[in-house]
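2 protein chains.
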Amino acid sequence: MESKQVEPNPYAKNCGSRQVIDRIGDRWSVLIVLTLADGVKRYSELAQRIEGVSQKMLTQTLRGLERDGLVTRTPHATVPPRVDYALTDLGRSLLGLVSGLEAWATSHLGDVEAARARYDAREGRHGSAA
Amino acid sequence: MESKQVEPNPYAKNCGSRQVIDRIGDRWSVLIVLTLADGVKRYSELAQRIEGVSQKMLTQTLRGLERDGLVTRTPHATVPPRVDYALTDLGRSLLGLVSGLEAWATSHLGDVEAARARYDAREGRHGSAA
DNA sequence: CGGTATCCGACTAGATACTG
DNA sequence: CAGTATCTAGTCGGATACCG
Chain E
1 MESKQVEPNP YAKNCGSRQV IDRIGDRWSV LIVLTLADGV KRYSELAQRI EGVSQKMLTQ
61 TLRGLERDGL VTRTPHATVP PRVDYALTDL GRSLLGLVSG LEAWATSHLG DVEAARARYD
121 AREGRHGSAA
Chain D
1 MESKQVEPNP YAKNCGSRQV IDRIGDRWSV LIVLTLADGV KRYSELAQRI EGVSQKMLTQ
61 TLRGLERDGL VTRTPHATVP PRVDYALTDL GRSLLGLVSG LEAWATSHLG DVEAARARYD
121 AREGRHGSAA
C-alpha cells in the first residue's frame with residue numbers, strides 16, 4: 001500500500017487536525033478538562049463547578065470528550081445513580097496546554113481589556129462626531 | 001455582584017478571562033495567528049493560505065484580533081490598495097501556546113481518530129440495530 | 001485589492017418537561 | 001442523580017452585491 005501519509009495540516013479544510021483544534025477550542029471542553037485536572041469528578045460536581053453551563057451542553061461536551069478519548073465515563077449502578085468522569089492519558093497529555101491557556105488568559109486579561117477599550121474609543125471618531 | 005477585583009477565574013461566567021479563552025478557542029483566530037507567525041502578511045495572502053475561510057469571517061476575525069490587541073492592521077494608501085497584518089507583542093506572547101496547540105493536534109490526531117472510531121463502533125450496539 | 005452591508009439558511013445552545 | 005427529548009430563539013457563517 002502506497003498511500004502516502006501527508007503531514008497533518010490545519011490550514012487544509014479537510015484535515016482532521018482542524019477538528020481536533022475545534023474540540024480544544026470549545027469553550028466548555030477547556031473548562032471541563034481543567035476541572036478534571038485534580039482528579040475524578042461526578043456529573044453534578046462538574047455542573048456545579050462550571051458556572052453557566054446548561055445540562056445539555058455539559059452532557060454534550062462530555063460525550064464529545066469521551067468520544068475523542070480525552071475523558072472516561074464511569075456509571076455506577078447505585079441508587080441514587082452516580083457517574084464519574086476522569087481524564088484519560090490522552091486527556092492528561094493535553095493538560096499542560098490547557099492550563100497554559102488558562103494562565104495566559106488570566107495574566108493577559110488586563111492587556112486585552114485595555115486594547116479593547118482603546119479600540120472601542122477609536123470607533124467614535126470616524127471623521128465625524130457620533 | 002462584586003465590584004472588588006477578585007482574581008480572574010474562568011469558571012465564573014462573568015469573568016473576562018472566559019472571553020479571552022473564547023477568542024483563543026475561535027477556529028479562525030488560531031489559524032490566523034499561526035499564519036502570521038512568520039511575519040507580516042497582506043489580506044489576500046491570509047485569504048489564500050487559510051483554506052475555507054470566507055471573506056466575511058476573515059475580516060471579522062481579523063477585526064476581533066485587532067480589537068483584542070493581538071494583531072496590527074496597516075493600510076497603505078497605494079493603488080491598488082494593500083493592507084498588512086502582523087502580530088503585536090501580545091500576539092507573539094500567544095504564539096508558543098497556539099503552536100503548542102497545533103503540535104498537539106498534529107501529533108495526537110491519530111489517537112483521537114482511533115478513539116472516535118472505537119466510540120462510534122460502540123454506538124451500533126445499543127440493543128437495537130440502527 | 002480590500003473591504004462593507006444585507007439577506008437568509010443552518011446550526012447552536014438554552015429552557016423545559018419527562019425518564020431510568 | 002444523571003441524563004434524554006423537544007421546541008425555539010438567537011447566533012453564526014456563507015453568498016451576493018456593491019463601494020473606496
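Read top to bottom, the protein sequences are chains E and D. My numbering numbers the first residue of the first sequence as 1 and each following residue consecutively. My numbering numbers the first residue of the second sequence as 1 and each following residue consecutively. For glycine and all other residues, C-beta sits at the position ideal for the given N, C-alpha and C. Please read all numbers here as calculations on a predicted model, not as lab measurements.
Under the DSSP assignment, residue 33(D) falls in the alpha helix (DSSP H) whose first and last residues are 27-35.
Shown here, residue 12(D) sits in coil according to DSSP, grouped into three states, outside any helix or strand. Under the Cβ criterion (8 angstroms, minimum of three pairs), the segment 29-37 of chain E counts as touching the segment 85-101 of chain E. Of all alpha-carbon atoms in 109(D), 101(D), 75(D), 110(D), the one lying nearest the alpha-carbon of residue 29(D) is that of 101(D).
Residue 72(D) has its alpha-carbon roughly 6 angstroms from the corresponding atom of residue 66(D). Only residues of its own chain outside the window of five on either side were considered, and among them 83 have a CB closer than 6 angstroms to the CB of residue 43(E), listed in chain order. In this structure, the alpha-carbon of residue 80(D) lies about 15 angstroms from that of residue 45(D).
Listed in chain order, the alpha helix (DSSP H) runs fully inside the segment 38-65 of chain E are 43-49, counting runs of at least 4 residues. For residue 75(D), the nearest beta carbon of chain E is not closer than 8 angstroms to its own beta carbon. Within a 10 Å sphere around the beta-carbon of residue 26(E) sit 16 or more other beta-carbons, which makes this residue buried.
Taking 8 angstroms as the cut-off, the beta carbon of residue 21(D) is found no closer than this to the beta carbon of residue 32(D). Boundaries around residue 112(D) are those of the alpha helix (DSSP H), 89-123, since no beta strand (DSSP E) includes it. At a cut-off of 8 angstroms between beta-carbon atoms, residue 62(E) makes no contact with chain D. At the C-beta level, residue 41(E) and residue 85(E) come within 8 angstroms of one another. Per the coordinates, the alpha-carbon of residue 52(E) lies some 11 angstroms from the alpha-carbon of residue 10(D).
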